[in-house]
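Novice: Residue numbers (mature numbering (1 follows the signal peptide of the UniProt record, and there is no 0)): -18 to -1, 1 to 422. Have a look at this one before I ask anything.
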Amino acid sequence: MLFIWLFLLLSYLRNSTSLDSLLPGQSIRDGETLVSEEETFEVGFFSPGTSTGRYLGIWYRNVSPLIVVWVANRETPLQNKSGVLKLDERGVLVILNGTNSTIWWSYNTSSKVIKNPIAQLLDSGNIVVRNEHDINEDNFLWQSFDYPCDKLLPGMKIGWNLVTGLDRTISSWKKEDDPAKGEYSLKLDLKGFPQLFGYKGNAIRFRVGSWNGQALVGYPIRPLTEYVHELVFNEKEVYYEYKTLDRSIFFIVTLNSSGIGNVLLWTNQTRGIQVFSLWSDLCENYAMCGANSICSMDGNSQTCDCIKGYVPKFPEQWNVSKWYNGCVPRTTPDCRNSNTDGFLRYTDLKLPDTSSSWFNTTINLEECKKYCLKNCSCKAYANLDIRNGGSGCLLWFDDLIDMRKFSIGGQDIYFRIQASSVLGTQCFGCLTSVSLLLFV
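Here's what the structure looks like:
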């Protein structure tokens, strides 16, 4: 009799208190939730906007309006409030509908031994399946952070697990009231030196850029100082992540259904959401000025300028602000006279697309310059890492694509040029305030 009473009491407590985890056989129904230990996040069923579909999602518990950071069944909504989230005996989370059919499950690709599994909502916003007494995140059997939706949270990785082939990608909602995967995405591309791209379908829409040890080159100004970020690049993983230093601040990156990136900021002091728009001006459009040209903004006005030593490919179009065909060298490069080449140093730039670049983490800038000078195909060089005076080497061999000028921040880059193409000649459509370094 006492055993039955204790069983009923535990069942009552599970349904009437805020718990953060499920054991095998336990479940929550529509209207019930799990709440993370410090009550930062909550997981349960919801309907977005005017939709009548029901979805299992994770949201900030004490932030208004509701910010949903992850959706499980984004492609398969429930049609009523019959949904159940359950952890089965295999350590798999499943969503069941009113006929007890599975409409979603946490597919476990881990080869790790499953022993006493538990599903837990963490204060990071990550819902994980792990073995009961193992809290090492490297040993998680499954985690929602591996399957992002439209938001990048602190501690969430965007990029590749090179061992399993897992590609963690941010993807927009289809519509504001439909969390199905939309046409916009944010991905880490591994060609050349890794960099982040924004896509519309398979077409590049914008480029966040590569990592220079301090920032992503497309966004050198940090909207918030209370966070750290990095690109991790080793034999097992390549990914970007950031972490907040003040846990009272909610700082997330979101990609909305129109393809616009925003930073959402909420603090205990303001008790409201501040929105900082990213990728909003014309220079953020990928390759807006074509090859070998630099985009700059003056208020709301955009301008494209050829690199010195280059001229518009089609001057007639260039003169009427049709810049997309870019620029070509003023004179044809002559490798037989490479010892007369020099380098133009530009400052405060978004570095070109690194998809076809070569990089080395160990050599310095002077050695980098020599590598470039010895290769007739080398178009430009820069430091790979700008911290502590600079280190490492980036070389470009193809057309220089998707550059822009920043008023603050940005990076130095050295463009290879024939001295005869800039000395004693008029520079058509060129920027000023650059330094010419000759090597003879």
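Virtual Cβ for every residue (Gly too), placed ideally from N, Cα, C.
Do Y129 and L170 come within 8 Å of each other at the CB atom, strictly closer than that value?
Specialist: no
Novice: For a minimum of 4 consecutive residues, which ranges assigned as the alpha helix (DSSP H) are wholly contained in the stretch 214 to 276?
Specialist: none
Novice: On the premise that L227 lies in contact with V210, defined as a C-beta separation below 8 Å, what is that separation, rounded to the nearest angstrom?
Specialist: 7 Å
Novice: In chain order, what are the residue ranges of uninterrupted beta strand (DSSP E) at least 3 long that sit wholly in the stretch 319 to 381?
Specialist: 323 to 332, 340 to 342, 362 to 364 and 375 to 378
Novice: Measure the alpha-carbon distance for V50 versus G26 and round it to whole angstroms.
Specialist: 11 Å
Novice: Using 10 angstroms around the beta-carbon of R189, count the other beta-carbons present and answer buried if the total reaches 16, otherwise exposed.
Specialist: With 16 or more other Cβ atoms inside 10 Å of its own Cβ, R189 counts as buried.
Novice: Grab the span of the beta strand (DSSP E) containing Q102 for me, first residue to last.
Specialist: Segment P99 to L103, the beta strand (DSSP E) holding Q102.
Novice: Residues in its own chain within less than 8 Å of L181 by CB, not counting five upstream and five downstream?
Specialist: It should be pointed out that residue 181 corresponds to Tyr in this sequence rather than to Leu. The answer, listed in chain order, is Y166, S167, L168, K169 and R187.
Novice: What does the Cβ neighbour count give for L(-11), buried or exposed, with the cut at 16 atoms within 10 Å?
Specialist: Because the pLDDT at L(-11) is just 42, under 50, the model does not fix this residue reliably, and the point stays unresolved.
Novice: Beta carbon of L16, beta carbon of L103: below 8 Å?
Specialist: yes
Novice: Check whether the Cβ atoms of F388 and L366 lie closer than 8 Å to each other.
Specialist: If you check the CB distance, F388 and L366 do not come in under 8 Å.
Novice: Going by Cα to Cα distance, which pick from G243, L5 and Q251 is closest to residue 481?
Specialist: Look at the range of the chain in this structure, -18 to 422, and you will see that residue 481 is not part of it.
Novice: Is it right to say A185 is buried, meaning 16 or more other beta carbons lie within 10 angstroms of its own, or is it exposed?
Specialist: exposed
Novice: Would you tell me roughly how many angstroms separate the C-alpha atoms of S281 and T207, rounded to the nearest one?
Specialist: Here the sequence assigns Gly to residue 281, which means Ser is not the residue at that position. Approximately 25 Å between the Cα atoms of the pair.
Novice: Please return the same chain residues whose Cβ sits closer than 6 Å to the Cβ of W124, not counting the five positions on each side in sequence.
Specialist: S88, N90 and V111
Novice: Assuming N274 contacts D381 (C-beta within less than 8 Å), just tell me the rounded distance between them.
Specialist: 6 Å
Novice: With DSSP as the reference, label Q8 as helix, strand or coil.
Specialist: coil
Novice: What are the uninterrupted segments assigned as alpha helix (DSSP H) that are 4 or more residues long and contained completely in the stretch 277 to 309, given in chain order?
Specialist: Here the runs fully enclosed are 297 to 300.
Novice: Smallest Cα separation from P311: which of V293, S303, L326 and M385?
Specialist: V293
Novice: Which residue wins for smallest C-alpha separation from K163, given the options V95, N194, L178 and N238?
Specialist: Considering only alpha carbons, the answer is N238.
Novice: Which one of A54, R56 and G80 has the shortest CA to CA distance from S64?
Specialist: G80
Novice: Near F397, what residues of its chain come up, given a Cβ to Cβ distance below 6 Å and the 5 sequence neighbours on each side ignored?
Specialist: I289, L326 and A362
Novice: Who are the Cβ neighbours of T414 in its own chain at under 6 Å, not counting the five residues just before and after it?
Specialist: Residue placement at T414 is poorly supported in this model, since its pLDDT is 40, which falls under 50; the coordinates are not used for a value here.
Novice: Alpha carbon to alpha carbon, what distance is there between V199 and T249?
Specialist: 27 Å
Novice: If you draw a straight line from the C-alpha of S106 to the C-alpha of K225, how long is it?
Specialist: 10 Å
Novice: Rank S373, T329, V95 and I368 by C-alpha distance to the C-alpha of E349 and give the top, closest one.
Specialist: S373
Novice: So, helix, strand or coil for D394, using DSSP?
Specialist: strand
Novice: Is the distance from the Cβ of K97 to the Cβ of N118 below 8 Å?
Specialist: No; because the gap between Cβ atoms is not below 8 Å, this pair is not in contact.
Novice: Would DSSP call S126 helix, strand or coil?
Specialist: helix
Novice: Which residue comes first and which comes last in the beta strand (DSSP E) that contains Y42?
Specialist: Y37 to Y42
Novice: Below 8 Å between beta carbons: does that hold for G191 and L376?
Specialist: Not in contact: G191 and L376 (Cβ atoms no closer than 8 Å).
Novice: Could you give the distance in angstroms between the alpha-carbon of R229 and the alpha-carbon of L247?
Specialist: 12 Å
Novice: Just the C-alpha distance for L1 and I390, rounded to the nearest angstrom, thanks.
Specialist: L1 and I390: Cα-Cα distance of roughly 47 Å.
Novice: Is DSSP giving D171 helix, strand or coil here?
Specialist: Correct three-state label for D171: strand.
Novice: In three-state DSSP terms, what is N82?
Specialist: coil
Novice: Would you decide whether S359 is buried or exposed? Buried here means 16 or more other CB atoms lie within 10 Å of its CB.
Specialist: A residue is called buried once 16 or more other Cβ atoms fall within 10 Å of its Cβ, and S359, having fewer, is exposed.
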